[in-house]
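With my numbering as the guide, the letters of the sequence shown map in order to residues 7 to 330. All C-beta atoms in this analysis are idealised placements derived from N, C-alpha and C, irrespective of residue type, glycine included. Shown next, in structure tokens, is the structure this report addresses.
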Amino acid sequence: MTTSSAPGKIILFGEHAVVYGRPALAVPVTQVHADVEVLDSPRAGIWIEAPDVNLHAEVNSLPSDHPLAAVINKFYAPLSSPHFRFLKMGGQRGIEIKITSTIPVASGLGSGAAVSVALTRALSSHLNHPMTDEELNAFVYEIEKIHHGTPSGIDNTVVTYAKPVYFVKGQPIEMLKVGHPFTIVIADTGISAPTKESVGDVRRLWMNNKSYWETIFDKVGIISFTARRAIEAGKPALSNVEAWEVLGELMNENHTLLQEMTVSSPKLDELVNAALRAGALGAKLSGGGRGGNMIALAQDDQAGAIARSLKEAGAKNTIITQVA
Ligand code: PMV
């Protein structure tokens, strides 16, 4: 049996503008993860069991654009050895794939990318066709394109490498070196919102007035750039200017720009305000927006109180995570 696990992720700064070439910062969230087991089976075919979504099926019985079938079909496509063809055609020996995930779907925590990464990694090592992280990242980016239209590639990158990243579309991956750990509270609105729709709506805004929206994306890019410097310097180096207050203020500014892009929602704004009232240093929506998650920057000793306030304000779930 071969197993693989991939973490969730959260975007700290720069979502949406990242689709237009501006930098964004994202970090893995190891409290939630997707897990895959692959084992040989005497039963012919490629069987998928995904109890979280109530699925137990042979891959050929699924529509070709089904997210799991898409990964498996893409994986097998270039493999022309008789063994793989045999499996794919339903030969005598097959494989069983079990997929479980604790990452909420369509909520900005990268569930799709995590399932694709864990599934591809498990399949590739089980079938003695190991992939480097670079190959895996490129493979999963192609899968993300099927589901999200014009993704920047940030989700597959942070999930594949499982490290904080400073991401610019189409450029070599830069890891984010965290100068001093800091704490983030993540709260789920409980509203699932497809990223494809909010990305499409921002694209329509941009198409109607490119020069205006390019200016907005520039502002977001400067926020991500400045946030990187604050994170890499860390608190001790910047104690006089209170680096975390700077970082919190950058989050608030980024949220205002996301509101302008029309990707916030009343519930997201309510949770952002609740976090600030409870003492967060800054807060913003995270990911595609409209629903999904928001994040708040917390002083370590206040994270619990902020999480409680977010629950009282209607958050479905909260996660306290340290970025280190
Ligand atoms: O909703 P998420 O967490 O998958 O994030 C999407 C981030 C966007 O910038 C909105 C889209 C993208 O492809 O980068």
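Is the closest heavy atom of ligand 1 to the C-beta of Val-24 under 7 Å?
-> yes
C-alpha distance - Arg-49 paired with Gly-155, whole-angstrom precision | 36 Å
Using the C-alpha atoms, what's the distance from Thr-166 back to Asp-139?
-> 6 Å
For the stretch 257-320, list the beta strand (DSSP E) runs that are entirely contained and at least 3 residues long, ordered along the chain.
-> 288-292, 299-304
Can you say whether Tyr-218 is buried or exposed, counting buried as having 16 or more other CB atoms within 10 angstroms of its CB?
-> Around the beta-carbon of Tyr-218, fewer than 16 other beta-carbon atoms lie within 10 Å, marking it exposed.
Is Ala-330 helix, strand or coil when you go by DSSP?
-> For Ala-330, the three-state secondary structure derived from DSSP is coil.
Selected residue, minimal CA-CA separation from Pro-157, among Ala-168, Phe-173, Lys-169 = Phe-173
If you count every other CB in all the chains shown that lies within 10 Å of the CB of Thr-327, and 16 or more means buried, which is it?
-> buried
Assign Asn-79 to one of three DSSP states: helix, strand, or coil.
-> helix
Could you give the DSSP three-state label for Ala-50: helix, strand or coil?
-> coil
Alpha-carbon spacing of Thr-9 relative to Asn-299, whole angstroms = Cα to Cα, Thr-9 sits roughly 28 Å from Asn-299.
Could you check which residue in Asp-46, Thr-262, Arg-28, Thr-195 has the C-alpha nearest to that of Gly-114?
-> Thr-195
Can you find a heavy atom of ligand 1 that lies under 7 Å from the Cβ of Pro-157?
-> yes
Tell whether a beta-carbon distance below 8 Å holds between Ile-54 and Ala-63.
-> yes
Within this structure, are the beta carbons of Ala-119 and Glu-150 separated by less than 8 Å?
-> Less than 8 Å separates the beta-carbon of Ala-119 from that of Glu-150.
CB of Val-205 to nearest heavy atom of ligand 1: below 7 Å?
-> yes
Could you say which of Ile-52, His-186, Glu-276 lies nearest to Lys-104 if we only look at CA atoms?
-> Taking only the C-alpha atoms, the option nearest Lys-104 is Ile-52.
Return yes when at least one heavy atom of ligand 3 lies under 7 Å from the C-beta of Thr-36, else no.
-> In terms of ligand content, the structure shown lacks ligand 3 and carries ligand 1 instead.
Could you tell me which residues DSSP puts in a beta bridge with Glu-55?
-> His-62, Lys-104
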